[in-house]
């Protein structure tokens, strides 16, 4: 899809001369290309990210590398992920307007996307570690997950369009393979790329010895690889959300794939839960209770908004082949019965994916800063153990956990 | 995929001259092309089927028409279905050798497949109506369904090959759309193409008024359209099986699509159950009990062989990304626990699809001969009512029906 022989990574030095002729950039930055200030600011695991400042404004240029930045060129990764990120972004922009940065320019051969700079916006994960509040956070994330889940599915799309789009994203298998391995499989055995805090050795041994747990996780992997219900973001954690005041954006959908509706939902729940569990190491005692209460409210808002938004779309935009109006509304039959069953299924799956994400973020390759920034390894170990045990219970007991209260009871006393 | 301008339907008169230069045919039929005897014998719903006899032997030539034969040219249907039939046949031949006719020649532009003539073989449905026995029937069908389900899935295939093949078959959407409409949706409301025996008006009204039933059916349709677990035959009924003695072949996979493992299984169960239910109208009293007992044995053999074969493959050929050995056998952990959960899920789905197939074969466009050949409409109505009510219970109660005994109890006293 991307011709490697034409591809060349940008540098801070070459960016202005290579992209300076693009009207899409000069209209935002100004024509004085020689004075553009370019800074490489990528701190993620995969890509180059340039901040480009001109006289008129600022843009972000993101370029894929032909390998995983976190690991190095020993782990090749196709440049085509920029293609899938671009295609996911334009779909997300359509399905939930204003949820993602505006795309200014896309070059498939160079695997680069130029997009709106989110001025003042900070990665949500950092804010949660710092103890900052974001107004409307749970509602906004719940809307995004519900709108993209519903509007990317056979509940809403014409089925031939859905099948054609499923085909397109099936080529993103290299990125999916990372999820299949690092998220679903590696945490549950002594895989080469794993690392964990020795303070949780005992808990890790227990998890890896739990055949029921591993069986449930693999059943959820089965859904991830073959249940192409809707277009997922695919990597929806608190590092993929940027906030400033009440302005909230979702970024970085290069892991986009068709998968089960509970996946993005569960990933986001997990990352909020990990923020909650790790708080005792980041907050002074006088602020801990109120900040944890706020994170819990965010989770409650996320879940109630997801359910409310999905339900509203179910009643207003259900135009696909599934649960057609001809069988329900047109017969004066209530479509709430199947809606509740669908919401229960999504919630149950989300709890399972949540538990898996909690595990992989303490055991597999890519840990998260919520725990990693805790310097006292014993203290960190206690919180990681809570996280691991809660994750296991969420996976195994997911069919019996009815709501956020039930989930948070497990999280707090696993 | 198929260029319509080059396509021209064969006739009994033109076949010899158009195909007589093909070595693949002359080697079977003999070179004396002028003396080939050609007869059009298609009695299915979709295609032209020619029986071609030469001095050396006999072959079958099957050609798709650009519309549905059963309905006429008012319902166009892509010629590409021959392409998907061909690709399904070669995969089935690989995954269960000897299960399908040998392919001699395929012409994509002409949408035609020349294949082995199954001498003496009769369509299974006709044999079941006539009261004939087929030795080893349940075992053979159970093997076919288990082998194709397992070997076409992420349990066995390298995941990139599976994704690539899923893409290929996603283009078979026109045929899938027939299943989505005629099987899953039309039976449950007064759809244009429906017809049914007025003697079952009351039962039909009850079914169509049952919101829980319709919700469960649409949840199963959700699995059919988005759960691409394995390559399905897609239309595995007793009219797609040909038998002679203990020789059993599966034919006609033009509805092939990636879908849930329980689908082919449930379709075949349904058609055996309908053969069972319709027997009182086809057998004299002295033969009824023993022949119904034999059909029940076939069903029992089918289910136990499916479970046994799937289990054997689970232990011997589980080389895909799902339930990897690294998590189970390599840790001295028993992989039987997740196997049982998988078998339970497949059985539960199969019962649901079984009930749906029972409904559509009495209510939707394509009825089956088991009931249609019963001339006494009142008598037929009684058996169809039993069939409809049993189907509804199988769908609604499927999570609680443990085995064939439970299933047949519902079938016999719905």
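Chains as they are written, first to last, in our numbering: chain D, 5 to 418; chain G, 5 to 418. Backbone N, C-alpha and C fix where the C-beta goes; we use that ideal spot for every residue, glycine too. Quantities reported herein were computed from a predicted structural model and do not represent experimental measurements.
(message) Suppose the cutoff is 6 Å on Cβ atoms and the five residues either side in sequence are ignored; what does the same chain contact list for residue 140 of chain D look like?
(response) Correct list, in chain order: 250.
(message) Strictly below 7 Å CB to CB, what residues from chain G border residue 49 of chain D?
(response) Among the residues of chain G, none has a CB under 7 Å from the CB of residue 49 of chain D; the nearest is roughly 21 Å distant.
(message) For residue 350 of chain G, count the other beta carbons within 10 Å of its own beta carbon; 16 or more makes it buried, fewer makes it exposed. Which is it?
(response) By the Cβ-count criterion, residue 350 of chain G is buried, with 16 or more other Cβ atoms from all chains shown falling within 10 Å of its own Cβ.
(request) Identify whether residue 189 of chain G lies in helix, strand or coil by the three-state DSSP scheme. (result) Of the three classes helix, strand and coil, the one that applies to residue 189 of chain G here is coil, per DSSP.
(message) Applying the 10 Å Cβ sphere with the 16-neighbour rule, what's the burial state of residue 337 of chain D?
(response) Buried.
(message) For the pair the region 185 to 192 of chain D and the region 360 to 368 of chain D, tell me if three or more CB-CB distances fall below 8 Å.
(response) Contact holds: three or more Cβ-Cβ distances are below 8 Å.
(message) Using DSSP's beta-bridge definition, name the partner residues of residue 51 of chain D.
(response) According to the DSSP secondary-structure assignment, residue 51 of chain D is paired through a beta bridge with D:68.
(request) Report the neighbours of residue 66 of chain G on chain D: residues whose CB is nearer than 9 Å to its CB, in chain order. (result) Listed along chain D is no residue with a C-beta nearer than 9 Å to that of residue 66 of chain G; the closest approach is about 25 Å.
(request) Let me know if residue 293 of chain G comes out buried or exposed under the rule of 16 or more other beta-carbons within 10 Å of its beta-carbon. (result) Flag for residue 293 of chain G reads exposed.
(request) Could you have a look at residue 44 of chain D and say whether DSSP puts it in helix, strand or coil? (result) Assignment of residue 44 of chain D by DSSP, reduced to helix, strand and coil, places it in the strand class.
(message) For residue 254 of chain G and residue 181 of chain G, what's the separation of their Cα atoms in angstroms?
(response) So the alpha carbons of these two residues sit roughly 22 Å apart.
(request) Have a look at residue 306 of chain G and residue 30 of chain G and give me their C-alpha separation to the nearest angstrom. (result) Between residue 306 of chain G and residue 30 of chain G, the C-alpha separation is close to 39 Å.
(request) Within its chain, find whatever has a CB closer than 7 Å to the CB of residue 404 of chain D; leave out the 5 residues flanking it on each side and keep chain order. (result) So the list is empty, once near-sequence residues are dropped.
(message) For the region 150 to 162 of chain G, list every residue whose C-beta sits within 9 Å of some C-beta in chain D, in sequence order.
(response) Within the region 150 to 162 of chain G, the residues whose Cβ lies closer than 9 Å to some Cβ of chain D are 157, 158 and 159, listed in chain order.
(request) Would you verify that the beta carbon of residue 394 of chain G is, or is not, closer than 9 Å to some beta carbon of chain D? (result) Residue 394 of chain G does not count as touching chain D.
(request) Quick one: list the residues of chain G neighbouring residue 230 of chain D, beta-carbon separation under 7 Å, in chain order. (result) Counting only Cβ-Cβ distances below 7 Å, residue 230 of chain D has contacts in chain G at 158, 231, 232 and 233, in chain order.
(request) Spatial neighbours of residue 28 of chain G within its chain, please: CB distance less than 6 Å, with the 5 preceding and 5 following residues excluded, ordered by chain position. (result) Sequence-distant partners of residue 28 of chain G (beyond 5 residues in either direction) whose C-beta falls short of 6 Å from its own C-beta, in its chain, are 108 and 109.
(request) For residue 247 of chain D, write down the residues that DSSP places opposite it in a beta bridge. (result) Residue 247 of chain D is bridged to D:126 and D:252.
(request) Specify the secondary structure class of residue 1 of chain G as computed by DSSP and reduced to three states. (result) Chain G is shown only over 5 to 418; residue 1 of chain G falls outside these bounds and no answer can be derived.
(message) In whole angstroms, give me the CA-to-CA distance for residue 5 of chain D and residue 84 of chain D.
(response) Residue confidence for residue 5 of chain D is low, a pLDDT of 42 falling below 50, so the modelled location carries little weight; the figure read from the coordinates is stated next. C-alpha separation (whole angstroms): 6 Å.
(message) Taking 9 Å as the threshold (C-beta atoms), are residue 149 of chain G and residue 246 of chain G in contact?
(response) Not in contact: residue 246 of chain G and residue 149 of chain G (Cβ atoms no closer than 9 Å).
(request) Please name the residues in the region 322 to 340 of chain G whose beta-carbon is closer than 8 Å to at least one beta-carbon of chain D, in chain order. (result) Within the region 322 to 340 of chain G, the qualifying residues are 325, 326, 327, 328, 330, 331, 332, 334, 335, 337 and 338.
(request) Pull out every residue of the region 16 to 32 of chain D whose Cβ sits closer than 7 Å to any Cβ of chain G, in chain order. (result) When C-beta distances to chain G are compared with 7 Å, every residue of the region 16 to 32 of chain D stays at or above that value.
(message) Going by the DSSP bridge assignment, what does residue 57 of chain D pair with across the sheet?
(response) DSSP output for residue 57 of chain D lists D:41 and D:62 as bridge partner(s).
(message) Taking a contact to mean a Cβ-Cβ separation below 9 Å, would you say residue 283 of chain D touches residue 299 of chain D in this structure?
(response) Here residue 283 of chain D is near residue 299 of chain D, since their CB atoms are less than 9 Å apart.
(request) Could you name the residues of the same chain whose beta carbon sits closer than 7 Å to that of residue 313 of chain D, not counting the 5 residues immediately before and after it, in chain order? (result) A distance below 7 Å between beta-carbons, with the five flanking residues on each side excluded, links residue 313 of chain D to the following residues of its chain, in chain order: 146, 147, 150 and 151.
(request) Using a threshold of 9 Å, state whether the C-beta atoms of residue 61 of chain G and residue 154 of chain G are closer than that. (result) Contact flag unset, no.
(request) Have a look at D:178, D:63 and D:218 and flag the residue whose alpha-carbon is nearest the alpha-carbon of residue 193 of chain D. (result) Taking each of D:178, D:63 and D:218 in turn and checking the Cα distance to residue 193 of chain D, the smallest one comes out for D:218.
(message) So residue 177 of chain D contacts chain A; which residues on that side make the cut at Cβ distance below 8 Å?
(response) In the displayed structure, chain A is absent; the protein chains listed are D and G.
(request) Check whether the region 205 to 214 of chain D touches the region 224 to 232 of chain D, counting contact only when three or more Cβ pairs, one atom from each stretch, lie closer than 8 Å. (result) Contact fails: fewer than three Cβ-Cβ distances are below 8 Å.
(request) Answer yes or no: does any C-beta atom of chain G fall closer than 9 Å to that of residue 302 of chain D? (result) With respect to chain G, the C-beta atom of residue 302 of chain D has no partner C-beta closer than 9 Å.
(request) Could you check what DSSP says for residue 5 of chain G in three-state terms: helix, strand or coil? (result) Note that residue 5 of chain G has pLDDT 42, beneath the 50 cutoff, so the model's placement of it is unreliable and the number below is only indicative. It is coil, neither helix nor strand.
(message) Just verifying my parser: in three-state terms, what is the DSSP assignment at residue 264 of chain G?
(response) Here residue 264 of chain G sits in coil by DSSP.
(request) Can you have a look at residue 39 of chain D and say buried or exposed, based on whether 16 or more other CB atoms are within 10 angstroms of its CB? (result) That one is exposed.
(message) According to DSSP, simplified to helix, strand and coil, what is residue 110 of chain D?
(response) Here residue 110 of chain D carries a strand assignment [DSSP, helix/strand/coil].
(request) Give a yes or no on contact between the region 227 to 241 of chain G and the region 311 to 325 of chain G, applying the rule of three or more CB pairs nearer than 8 Å. (result) No, the region 227 to 241 of chain G does not touch the region 311 to 325 of chain G.
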